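In the working numbering, the protein residues as written are 26 to 108. Even for Gly, the Cβ is constructed at its ideal location relative to N, Cα and C. As the structure is a computational prediction, the values presented were derived from the model and not from experiment. I have placed the structure first, in the form of structure tokens, so that the comments after it can refer back to it.
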């Protein structure tokens, strides 16, 4: 794999995690605005968002195994959320 391909895969993985974290932030915000906000659901989304952010921060361009797992597990979800 070339350096350019590594960086492209890294960027795609980071972007997928960012899209999911952003979507979770929007859901948290919308739920908090409701009169009877579901605090349990909000806590779950916060936990999930935190996991996405921590995973994104931990990625390095040389860790292709983790990048591959991120892309396998989250690319499709990010694409669906972006539609």
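Inter-residue CB distance, residue i and residue j (contact presumed, cutoff 8 Å)
i	j	result
residue 31	residue 89	7 Å
residue 103	residue 74	No, residue 103 and residue 74 are not in contact; Cβ-Cβ is about 14 Å, not under 8 Å.
Assigned secondary structure, residue i (DSSP; H/G/I helix, E/B strand, else coil)
i	result
residue 100	helix
residue 89	helix
Sub-9 Å separation of residue i and residue j beta-carbons
i	j	result
residue 48	residue 106	yes
residue 67	residue 53	yes
residue 29	residue 92	no
residue 87	residue 41	no
Assigned exposure category for residue i - 16 Cβ within 10 Å defines buried
i	result
residue 38	buried
residue 79	exposed
residue 51	exposed
residue 62	exposed
Any non-hydrogen atom of the ligand GDP within 8 Å of residue i CB
i	result
residue 98	Only the bare structure without any ligand can be found here, which leaves the ligand GDP out of the picture.
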